[in-house]
Amino acid sequence: MFIKTDTFAFIIIFAIPYVFLLQSTFGFILILFLLALFVFANLNKGMSSNTLLLISFYSIFVFPVIVSFQHGFSHVFYYSMTLLLILASNIVSNLDIKRLLLIFGSLFWSFVTFSLIVYYYNRDLSEPFSGLVEGSSTNGIPSYLIVLQIVYSLTYYIVNKRLPVVAVLFTILIAIFGIGRGSIYTAVLIMLCSVSLNFYIDFMTRRYRSVSMVLVVFIVLFLFVVINIDVFVGYLEARTKALQGLNDPYRNRILYEYVSLMSWWQVLIGGEYQGTVISSLYEGNPHISFIRSHAYLGLFYTLAIILSPLLFIFYTKRLIDSLVFLSFTSILLLRSLSEPILFPTALDLFYYLIFFMYFRNLYQYKASLEFKWKT
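Here my numbering runs 407 ahead of the position in the sequence shown, where the first position is 1.
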C-alpha cells in the first residue's frame, strides 16, 4: 500500500467532521472516494466472517428500498456509503487502541479549538456558528462535537478505565455558544454520566480519596450555582434556547406529516418527503436522523440502529463496560432525535467504530486491559 493504514485512517477520521461542516456535494464525493480507496487497500483486514455476515444481512434488508427508487439515486449513494463506513470502521478498529486514543483526542481538541475560533470571529451574530458557511445551522458544530466527544470518551475509557471530564466542560461551553437546546441537554447528560460512572468506578476500586474529591467538587459547584442562579438563568434565557423546554412543534409536525402520508408498504421501505413540510419548507432536511434513515434505507436498518445499544447488554463480560457503552451510545441516539447528524451520514463511521472497538478490546478481553475487580 502506498500509505500506511494508520496514516490513511488518521486522514479520513480528521477529514470527515470538517468536510461534513461544508455540506457540499463535492465534499461528500471526496469522502466517499477516500473511504473506497481505504477499504479496497485494506480489504484483507476488514473481511472477517462476522463482518461478511453483517454486510450480507444489511444488503438483503436494504435491497427492496434501493429498487423502490423513491428518492432516486440517493438510495444507492447512501447504501454504498454505509457499506464502506461499516468496512472502514472495522479496519480502523484493528489499530492499536492507544493510537486510536491519540487520534481521537487530537481530533476532539482540534475541533474544540476550531469551534472557539469560529465563535470568537462571529460572536456578534445572534447565532455565531451559523456564520461559518452561508445557510448553515447553528446546531452543526455543537452536534458534531457531541459525536466526537462520545467516541473520544469511550476510547479514553477503554485505555484508562475512566471517562474524561475536563473535555466535557468544553463541550458544554460550545453547546451553550451554539444556543441549541438539544446539544446543551446532551452535553450536560454526558457530564452527569461521566461523573457518575467515574464515581462508581472509584468507589468499587476503593479509591476513597478520589471519591472524597468528587464529593467536595460537587458540593462547591452546587453552592456556586445556587448562589449565582439568577445570573445563570438570565444568561440561558437571553442567549440560548435551553429553557424553552423539550416540546418542539416544528419537529412534531415534520414527524406527523411524514408518518401520516405513508402507505402501508412504505412503512417497510421508507416514505417520501414530497407533500410534507420536509420538502416545502426545509429543502429536504427532515431534522430527525431516524426519518432520514427510514426514508433512505428502510425500516429494518432503522430498527437495527435504534436497538443497537442493546448489544452491550447481551454481549458483556464486565457490567461496568456494558453500562458505559450502553449509556453513551443511547445518548448519541437521543441527540439524533432532533438533528440529522447520523444515519446515514459520513459521521456514522464513529458510531459503527464504537461497536467494533468494544468487541475487539473489551468483549474479546486482553489480559493487559482486565480490571482487578469484577461486578
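Just so you know, even glycine gets a beta-carbon here, dropped at the ideal spot from N, CA and C.
Straight-line CA distance for residue i to residue j?
i, j, result
"ALA443", "TYR607", "42 angstroms"
"ASP413", "PHE440", "18 angstroms"
"SER481", "LEU561", "32 angstroms"
"SER743", "MET611", "33 angstroms"
"THR723", "TYR770", "6 angstroms"
"LEU450", "ILE498", "8 angstroms"
"PHE415", "VAL575", "28 angstroms"
"ARG614", "VAL623", "15 angstroms"
"MET408", "LEU502", "Caution is warranted here: a pLDDT of 49 is assigned to MET408, below 50, making its placement in the model unreliable, and the coordinate value is therefore given only provisionally. Rounded to whole angstroms, MET408 to LEU502 spans 16 angstroms at the Cα level."
"ARG530", "GLY677", "41 angstroms"
"TYR528", "LEU739", "29 angstroms"
"SER734", "LEU570", "12 angstroms"
"LYS779", "VAL621", "Unreliable placement is indicated for LYS779, whose pLDDT of 42 sits below 50; the coordinate value is still reported in the next sentence. Using only the alpha carbons, I get a separation of about 22 angstroms."
"GLN681", "SER550", "27 angstroms"
At what residues does the alpha helix (DSSP H) containing residue i begin and finish?
i, result
"VAL572", "Note, VAL572: premise wrong, no alpha helix (DSSP H); not H, not E."
"MET598", "588 to 611"
"GLN799", "No information on residue 799 is available, as it lies outside the stretch 408 to 782 that the chain covers here."
"GLN556", "547 to 567"
"TYR680", "TYR680 -> no alpha helix (DSSP H), and no H or E assigned at all."
"ARG658", "656 to 667"
Find the nearest neighbour of residue i within the set the options, judged by alpha-carbon distance.
i, options, result
"ILE727", "TYR765, ALA711, ALA753", "TYR765"
"LEU730", "LEU741, LEU740, LEU718", "LEU718"
"TYR559", "THR736, THR752, THR458, ALA753", "THR736"
"PHE577", "LYS568, ARG569, LEU552", "LEU552"
"LEU688", "TYR657, SER715, ASP503", "TYR657"
"ARG725", "ALA495, PHE435, LYS568", "LYS568"
"ILE548", "VAL525, TYR563, LEU459", "VAL525"
"LEU741", "ILE420, THR593, TRP516, VAL566", "THR593"
"ASN768", "SER487, LEU429, LEU507", "LEU507"
"VAL674", "ILE698, ASN546, VAL684", "ILE698"
"SER517", "TYR465, ALA422, PRO535", "ALA422"
"SER537", "PRO716, ILE586, MET598", "ILE586"
Considering only their Cβ atoms, is the gap separating residue j from residue i smaller than 8 angstroms?
i, j, result
"LEU492", "ASP755", "yes"
"VAL572", "VAL602", "yes"
"PHE732", "ILE761", "yes"
"PHE763", "SER533", "no"
"VAL554", "PHE757", "yes"
"VAL483", "ILE467", "no"
Would you verify that the beta carbon of residue i is, or is not, closer than 8 angstroms to some beta carbon of chain B?
i, result
"ALA448", "Chain labels in this structure do not include chain B; a single protein chain is all it has."
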